[in-house]
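The structure under discussion appears below in the form of structure tokens.
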Amino acid sequence: MSTLITNIGELTTNDPDLGRLTDAALVLADGVVAWVGPASSAPAADTRVDVELRAVLPGWVDSHTHLVFAGDRTAEFAARMAGKPYTAGGIATTVNATRAASDDELSAVIARHVAEAVAQGTTYVETKTGYGLTVADEVRSARIAGEHADEVTFLGAHLVPPGADADEYVALVAGEMLDAVAPFVRWADVFCERGAFDEDQSRTVLKAAAFKGLGLRVHGNQLGEGPGVRLAVELGAASVDHCTYLSTSDIDALAGSNTIATLLPACDLSTRQSLPPARELLDAGATVALASNCNPGSSYTTSMAYCVTTAVLQMHMSVEEAVYAATRAGALALDRADIGHLAVGARADVHVLDAPSATHLAYRPGVPLTHAVWRKGERVR
Ligand SMILES: [Zn+2]
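Per this note's numbering, the sequence shown starts with residue 67, numbered consecutively.
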């Protein structure tokens, strides 16, 4: 079963050789891109879809979400908008609700949010544990996450559970909890932040996870400058996420490493922080990814388009940089070569915009522009 998508007005391939094509076509077969080139020379396929000069992109790669949760934090959000500051401690509210929820309830929540993301052009989703914070609840979260998300990250080090001793909890996370969760996940992550885990505690968890064979990710520099970025680079993490407050040496360290700087602007806006220094990172030579950080507390959106719009309008990224950050760079942050681009052999994850150019993502802010989506070669919208 093959599909020809033709009459593409503007095709963003994210492939260094192909670049951006006009009057283009794509053939999808067996879940991958089988052909890319000028519409006039496209081969036949079982199904032909004329997209009438619309723009086509790789599907969004959302490399940072927290979708295994229950409960609601509308009141906390409203209080914050009324002037109350954001702190890491709000996570405990979601932990209590998540522990009390049944497996079916948690499964329904993540399924609903993944479907919401796919309907907006997201074709690859990472999600994390971190609202269980007991061995049993973290294992359950990882297992349920794996039923719905493409990649799962262990975030037992999200918050020291209220009432627990921090050092005892770190030993649990880096020991028994890691052993129990590791079979269900590819990654481990730590919230290295004041009010969460300090540098030594974070290093303990990350080194134990690396020893166990997991890839590393870090939540760092969200609420102020701190050790998160430095630690992520030192330990060779695939990504350090947030990067809202960076020193010059943090920017230099990222630029000189393979660690991706994953920016989460919807979170910064929702918590009324500054926006991250995207321009400085890019100008220094760092690779910047964009992700939603969808979670019920600090960033309750699945919209990658919103992140792209914000990156362009408020963070001084070009449309091309922002689209790349939300597709190919997200794939790099997840160490995946087969997604986030549309060269022959890539996974057939295709996002058709109801617009003639990707520029409309910023030119028409807030307007829903997803026209059609293919995921692994299957039309899902
Ligand atoms: Zn996060």
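Beta carbons: idealized from backbone N, C-alpha and C, even for Gly. Keep in mind the model is a prediction, meaning the values are calculated, not measured.
The three-state secondary structure of Ala136, taken from DSSP, is coil.
For Lys278, the secondary structure class from DSSP, reduced to helix, strand or coil, is coil. Taking the C-beta atoms as reference points, Leu133 is found nearer than 7 Å to Ile176. Within 6 Å of the C-beta of Asn359 there is at least one heavy atom belonging to ligand 1.
Here Arg269 has Leu297, Leu301 as same chain residues with Cβ atoms under 8 Å from its own Cβ, once five neighbours each way along the sequence are excluded. Within its own chain, the residues whose Cβ lies closer than 6 Å to the Cβ of Val446, once the five positions on either side in sequence are excluded, are Val184, Val439, listed in chain order.
Apart from the 5 residues on each side of it in sequence, Thr425 sits with its Cβ closer than 7 Å to the Cβ of Val385 in its chain, given in chain order. Judged by DSSP in its simplified three-state form, Tyr190 adopts strand. Taking C-beta atoms as the reference points, Ala248 and Asp401 fail to come closer than 7 Å. Residue state for His308 is assigned as strand, using DSSP reduced to three classes.
DSSP lists Thr72 as the bridge partner or partners of Asp116. Under the three-state reduction of DSSP output, Val251 falls in the coil class, being neither helix nor strand.
For Arg441, the enclosing beta strand (DSSP E) begins and ends at 436-441. Per DSSP, the unbroken beta strand (DSSP E) holding Arg86 starts and ends at 86-95.
Residue environment: Gly198 is assigned as buried (16 or more neighbouring CB atoms within 10 Å of its CB, all protein chains considered). Looking at the DSSP output, Asp128 shares a beta bridge with Val191. Counting only runs of 4+ residues, the alpha helix (DSSP H) found wholly inside the segment 353-382 occupies 370-381, in chain order.
Measuring C-alpha to C-alpha distances from Ala136 to each of Asn361, Gln380, Ala215, Val191 identifies Asn361 as the nearest. Cβ neighbours of Ala215 within its own chain (closer than 6 Å, five residues either side excluded): Val191, Thr193. Measuring C-alpha to C-alpha distances from Gly75 to each of Pro82, Leu92, Ser68, Asp81 identifies Leu92 as the nearest.
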